[in-house]
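Colleague:
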Amino acid sequence: GNSVTQMEGPVTLSEEAFLTINCTYTATGYPSLFWYVQYPGEGLQLLLKATKADDKGSNKGFEATYRKETTSFHLEKGSVQVSDSAVYFCALSLNTGNQFYFGTGTSLTVIP
Amino acid sequence: EAQVTQNPRYLITVTGKKLTVTCSQNMNHEYMSWYRQDPGLGLRQIYYSMNVEVTDKGDVPEGYKVSRKEKRNFPLILESPSPNQTSLYFCASSLYRGKQETQYFGPGTRLLVL
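First to last, the protein sequences are chains A and B. Everything in the first sequence is counted per my numbering, starting at 369 for the first residue and increasing by one. Everything in the second sequence is counted per my numbering, starting at 4 for the first residue and increasing by one.
1. Output yes if chain B places a C-beta closer than 8 Å to the C-beta of residue 408 of chain A; else output no.
2. What does residue 50 of chain B touch in chain A if you count any residue whose Cβ is under 7 Å from its own?
3. For residue 421 of chain A, count the other beta carbons within 10 Å of its own beta carbon; 16 or more makes it buried, fewer makes it exposed. Which is it?
4. Comparing the C-beta of residue 108 of chain B with each C-beta of chain A, is any distance below 8 Å?
5. Of all the options A:469, A:447, A:476, which has the alpha carbon lying nearest to the alpha carbon of residue 402 of chain A?
6. Residues of chain A with CB closer than 8 Å to the CB of residue 43 of chain B, please, in chain order.
7. At 8 Å on the CB atoms, spell out the chain E contacts of residue 102 of chain B, in chain order.
8. In angstroms with no decimal places, state the Cα-to-Cα distance between residue 415 of chain A and residue 54 of chain B.
9. Just list the residues that DSSP pairs residue 375 of chain A with in beta bridges.
10. What does residue 35 of chain B reach in chain A if we use C-beta pairs closer than 8 Å?
11. On the DSSP bridge list, what partners appear for residue 80 of chain B?
12. Give a yes or no on whether the C-beta atoms belonging to residue 23 of chain B and residue 84 of chain B are separated by under 8 Å.
13. Relative to the C-alpha of residue 479 of chain A, which residue among A:405, A:439, A:464, A:448 is closest?
14. Is DSSP giving residue 450 of chain A helix, strand or coil here?
15. Assuming contact is defined by CB atoms lying nearer than 8 Å, are residue 45 of chain B and residue 473 of chain A in contact in what I supplied?
16. Tell me where the beta strand (DSSP E) around residue 430 of chain A begins and ends.
17. For residue 105 of chain B and chain A, any beta-carbon pair shorter than 8 Å?
18. Please work out which residues of its chain come closer than 6 Å, Cβ to Cβ, to residue 433 of chain A, disregarding the five sequence neighbours upstream and downstream, and give them in chain order.
19. Do residue 439 of chain A and residue 388 of chain A have their C-beta atoms closer together than 8 Å?
20. Would you check if the distance between the CB atom of residue 100 of chain B and the CB atom of residue 13 of chain B is smaller than 8 Å?
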């Protein structure tokens with residue numbers, strides 16, 4: 369079936385540290401891949417996306433590359449800030465565009 | 004302001020008492036969807052709607068109903084709530100159905116069923 373697997377959290381980093389959150393997927397066809405972020409007490413909002421293999425999504429210093437050969441979409445940021453503390457969700461959407469599948473979320477805390 | 008609104012934000016109810024959670028968007032979006040968020044399980048899709056009067060089941064539709072009589076509204080109905088429906092619920096919308104479309108999420112409704 370279709371699914372998304374994210375690395376277990378929580379993750380705690382010091383300010384300016386390098387961040388990687390792993391995401392792998394299983395899907396039929398060629399899905400689109402997304403990273404959504406959820407700040408405390410809020411709904412999810414799109415962080416970045418990639419719609420085909422080898423595409424790189426980027427936003428606010430975060431990047432992720434759609435790797436079809438490894439079925440992965442790992443999230444990276446070179447230097448995290450306290451304001452990046454949130455829960456990050458990897459997600460995929462299938463060709464039909466009707467259904468979406470989310471990972472379990474990874475909680476990130478950045479300490480000064 | 005473009006947004007997705009949900010009401011109520013918090014709800015405590017008892018088993019078997021019918022309830023409705025409303026969702027409304029002011030962006031003229033065609034596609035709308037409901038999710039539930041549970042610890043360790045992430046978000047799971049309950050129902051979605053591709054347009055007015057067009058709805059379909061997601062991964063976890065049991066115990067839920069939806070309707071889409073107007074483009075802007077997509078209420079979630081629990082006809083006989085049970086404790087296993089205690090969860091955080093999110094409504095989302097996107098301009099069109101499509102795998103590359105960005106979804107816009109509401110602020111969430113936290114439901115406790117006793």
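We treat Cβ as the ideally placed atom computed from N, Cα and C, and that holds for glycine.
Modeller: Once the coordinates are examined:
1. As a working note, residue 408 of chain A is residue 40 in the first sequence. Residue-level contact by beta carbon fails for residue 408 of chain A and chain B, as no gap is shorter than 8 Å.
2. By one-based count along the second sequence, residue 50 of chain B stands at place 47. Residue 50 of chain B does not reach chain A, its nearest Cβ partner there being about 11 Å away, counting only Cβ pairs nearer than 7 Å.
3. As a working note, residue 421 of chain A is residue 53 in the first sequence. Classification for residue 421 of chain A: exposed.
4. The count along the second sequence starts at 1 and reaches residue 108 of chain B at position 105. Output row for residue 108 of chain B: interface = yes.
5. Position 34 of the first sequence, counted from the first residue, corresponds to residue 402 of chain A. Selected option, being the one with the closest Cα: A:469.
6. Taking the first residue of the second sequence as position 1, residue 43 of chain B is located at position 40. Neighbours of residue 43 of chain B on chain A, chain order: 472.
7. In summary, chain E is missing from the structure at hand, where the protein chains are A and B.
8. Sequence index remark: in the first sequence, residue 415 of chain A carries index 47 (1-based). Sequence index remark: in the second sequence, residue 54 of chain B carries index 51 (1-based). The straight-line gap from Cα to Cα measures roughly 26 Å.
9. Here residue 375 of chain A refers to the residue found at position 7 of the first sequence. None, per the DSSP bridge assignment.
10. For this step, residue 35 of chain B is matched to residue 32 along the second sequence. Within chain A, no residue comes near residue 35 of chain B; the closest Cβ sits about 12 Å away, beyond 8 Å.
11. Reading the second sequence from its first residue, position 77 is the one you call residue 80 of chain B. Paired residue(s): B:23, B:68.
12. For the purposes of this step, residue 23 of chain B is taken as the residue at position 20 of the second sequence. For the purposes of this step, residue 84 of chain B is taken as the residue at position 81 of the second sequence. Their beta carbons are not under 8 Å apart, which means residue 23 of chain B does not touch residue 84 of chain B by this criterion.
13. Position 111 of the first sequence, counted from the first residue, corresponds to residue 479 of chain A. Per the Cα distances, A:448.
14. Here residue 450 of chain A refers to the residue found at position 82 of the first sequence. Helix, per DSSP.
15. In the second sequence, the residue the question calls residue 45 of chain B occupies position 42. In the first sequence, the residue the question calls residue 473 of chain A occupies position 105. Going by C-beta atoms, residue 45 of chain B is nearer than 8 Å to residue 473 of chain A.
16. Taking the first residue of the first sequence as 1, we reach residue 430 of chain A at position 62. Element bounds for residue 430 of chain A: 430-433.
17. Within the second sequence, the letter at position 102 stands for residue 105 of chain B. Residue 105 of chain B counts as touching chain A.
18. By one-based count along the first sequence, residue 433 of chain A stands at place 65. Same-chain partners within the cutoff: 424.
19. Counted from its first residue, the first sequence places residue 439 of chain A at position 71. Counted from its first residue, the first sequence places residue 388 of chain A at position 20. No, they are not a contact pair.
20. Indexing the second sequence from 1 puts residue 100 of chain B at position 97. Indexing the second sequence from 1 puts residue 13 of chain B at position 10. Pairing residue 100 of chain B with residue 13 of chain B gives a Cβ-Cβ distance that is not under 8 Å.
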